[in-house]
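In terms of my numbering, the sequence shown is numbered consecutively and its last residue is 406. The C-beta atom is built at its ideal place from N, Cα and C for all residues, glycine as well.
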Amino acid sequence: MNFEFTDEQLMIQAAARDFAQERIVPVAAQFDASGEFPIDTVREMGELGLMGIEVPAIYGGAGMDSVSYALAMIEICAADAAHGTIMSVNNSLFCHGILSHGTEQQKQQFVRPVASGEAIGAYALTEPQSGSDAANMRVRAVASGDGSEYVINGKKSWITSGPVADYVVLFAVTDPEQGSKGISAFLIDTSEPGFHRGKTEPKLGIRASATCEIELEDYRCPAACRLGGEGEGFKIAMGVLDAGRIGIASQAVGIARAAYQATVDYVCERKAFGRPIGTFQMTQSKIADMKTRLQAAELLTLKAAWAKTKAEGGDRRYTVDSAMAKLFASEAAMFITHQAVQIHGGMGYSKEMPVERYFRDAKITEIYEGTSEIQRMVISRVETGLR
Ligand code: CAA
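Structural data, given as structure tokens:
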């Protein structure tokens, strides 16, 4: 077993860390307060190759492996989780599925601009009545008589990057009789008629990552923009989430690491009863638990990223690895940010320090791309074979 990173992995980690500390940290609180989409820094991240880390260079990406992606995500999210959300949607939820299932034309048309950061991608699975029960969707795609296009109608909700997305991977029912096998995936160009953006969600955390409803009203999608075969959409959606969950696990590790480091600094400086609060056993106990969970979360996340790289191009799945990484890392991030606020006391509750933002941002990692309850269901189903 080798715990060392390659030169290439260390290079992208350092590049992401330098960029995050120099360009994102100074503006993170301001974008959190305004809820504005940070388009300038997102474009710069694209120029650095951070929007398509695993995308081959021929499609506009950096051509690196999944561990490189996880390391870069951790660095960006340690500075600001909202930037990390935008990055993870472009990288995993948008590019990954098209690279795995798309035609050459689809890769050139859709992956290239998103991987290079010139365009923003989104992933539309959730609907108002179907979150965890993703197969219970209603958005309907009806094929035209000559099979040249689909007419799509219906509403999707909670679409990350929806307010600014240029392209969307969207899942819709093509055969209502077939349940999850009657769902297909489509590549939507948001500049075409029939695509509408609905209300933007006011959120607790990751406030600078824009989230909204989208509605399709007689949107005409060329058959050439169907991703994969008819009826393959649900499996594509699940496979994409396997990749996406590694990104969210990395995000949780990044947030947790920032909260942990702020706390270590604080307990060394802050004095009570005449000595640093880090000398009190109750603080020491918290620091030890925070560090242990942080490291365990990081190891599970990197192991899942490694498993994804190993599985690439073959039939092997890394579903359980990514579900365990997301489950553990997101719960560790909640624990660590909670302890960080508690140890900082009033300062942890104040917007003068970033700790309260870490606490708010951590919560979403237990919810999106499958709640902790869904991750437990996924792990248990695979392990036991029972449903
Ligand atoms: N890879 C490939 N195929 C998979 C798969 C995977 N990871 N998981 C399931 N499948 C296949 C199954 O094998 C099955 O196919 P067969 O019948 O041929 O064997 C088919 O898909 C249906 O699977 P299930 O019967 O297990 O489906 P289900 O309806 O019971 O649901 C679920 C399974 C795990 C609960 C799923 O609905 C799920 O993951 N729900 C959570 C949805 C979610 O994560 N939503 C997040 C939205 S996106 C988001 O949050 C983005 C953002 O904002 C940033």
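Beta-carbon proximity list for residue i, same chain, < 8 Å, skipping 5 on both sides
i: R400; result: R406
i: T60; result: R42, I43, V46, H102
i: G198; result: A154
i: S163; result: Y169, V170
i: V339; result: V397, I398, V401, E402
i: F24; result: Q32, V86, L90
i: F253; result: A153, A154, F190, S199, K200, I202
i: P195; result: R159, G201
Outcome for residue i when other beta-carbon atoms lying within 10 angstroms are tallied against a minimum of 16
i: R226; result: buried
i: C287; result: exposed
i: D261; result: buried
i: K218; result: exposed
i: F22; result: exposed
i: I77; result: exposed
i: D237; result: exposed
i: M301; result: exposed
i: M20; result: exposed
i: A326; result: buried
i: E66; result: exposed
i: F378; result: buried
i: E402; result: exposed
i: D284; result: exposed
i: I362; result: buried
i: P57; result: buried
i: G364; result: exposed
i: P132; result: buried
Close beta carbons around residue i, own chain, < 7 Å, minus the five adjacent residues each side
i: G166; result: A242
i: M366; result: M372
i: A91; result: I31, Q32, A35, L69, I72
i: K382; result: L223, G224, M353
i: L321; result: V86, A89
i: S391; result: L346, S349, E350, E385
i: G136; result: V61, R62, M64, G65, E66, M70
i: A330; result: R336, Y337
i: R216; result: G181, P182, C231, I233
i: A374; result: Checking the displayed sequence, the identity of residue 374 turns out to be Val instead of Ala. Cβ neighbours of V374 beyond the five flanking positions: A278, A281, A359, V360, H363, G367.
Near the ligand PLP: residue i beta-carbon under 8 Å from a heavy atom
i: V192; result: What this structure holds is the ligand CAA, not the ligand PLP.
Beta-carbon gap between residue i and residue j smaller than 9 Å
i: Y169; j: F205; result: yes
i: T230; j: T179; result: yes
i: K345; j: A271; result: yes
i: R264; j: S369; result: no
i: F50; j: D84; result: no
i: G116; j: G258; result: yes
i: G54; j: P295; result: no
i: I93; j: S269; result: yes
i: L235; j: N172; result: yes
i: V188; j: L112; result: yes
i: N109; j: G140; result: yes
i: Y186; j: I202; result: no
i: I255; j: S151; result: no
i: Y337; j: A316; result: no
i: C240; j: Q125; result: no
i: K174; j: P147; result: yes
i: V397; j: G404; result: no
i: G181; j: A143; result: yes
i: T332; j: L246; result: Note that residue 332 is Gly in the sequence shown here, rather than Thr. Not closer than 9 Å, so no.
i: A307; j: F299; result: no
i: A48; j: R376; result: yes
Sequence-distant residues of the same chain with beta carbon closer than 6 Å to residue i, five excluded per side
i: A97; result: G273, R276, A277
i: M309; result: Y279, I355, Q358
i: G297; result: V286, C287
i: Q394; result: A342, K345, L346
i: D380; result: A100, G224, I225, I274
i: Y387; result: none
8 Å contact criterion, which residue i and residue j should meet: CB distance rounded
i: Q127; j: V86; result: That belief does not hold up - the Cβ atoms of Q127 and V86 are roughly 27 Å apart, past 8 Å.
i: T311; j: A359; result: Actually they are not in contact, since the Cβ atoms of T311 and A359 sit about 15 Å apart, beyond 8 Å.
i: V161; j: V74; result: So it is not a contact: roughly 32 Å between Cβ atoms.
i: E123; j: S176; result: Contact doesn't hold; Cβ gap of about 33 Å is too wide.
i: K305; j: G250; result: Actually they are not in contact, since the Cβ atoms of K305 and G250 sit about 51 Å apart, beyond 8 Å.
i: R14; j: A191; result: Shown here, the chain extends from 20 to 406; a query on residue 14 therefore has no answer.
i: L318; j: M343; result: So it is not a contact: roughly 11 Å between Cβ atoms.
i: A184; j: T209; result: 6 Å
i: A39; j: I95; result: 5 Å
i: I267; j: S149; result: About 20 Å; that fails the 8 Å criterion.
(request) Scan the segment 298-372 and note each continuous alpha helix (DSSP H) run of 4 residues or more that stays entirely inside, going in chain order. (result) 300-330, 338-363, 365-368
(request) Return the chain-ordered ranges of every beta strand (DSSP E) run that is complete within the segment 159-233 and spans a minimum of 3 residues. (result) 159-162, 168-179, 186-192, 202-208, 214-219
(message) For a minimum of 3 consecutive residues, which ranges assigned as the beta strand (DSSP E) are wholly contained in the segment 73-145?
(response) 140-143
(message) Which complete alpha helix (DSSP H) runs does the segment 39-70 hold, if anything under 4 residues is left out?
(response) 44-53, 58-66
(message) For a minimum of 3 consecutive residues, which ranges assigned as the beta strand (DSSP E) are wholly contained in the segment 234-260?
(response) none
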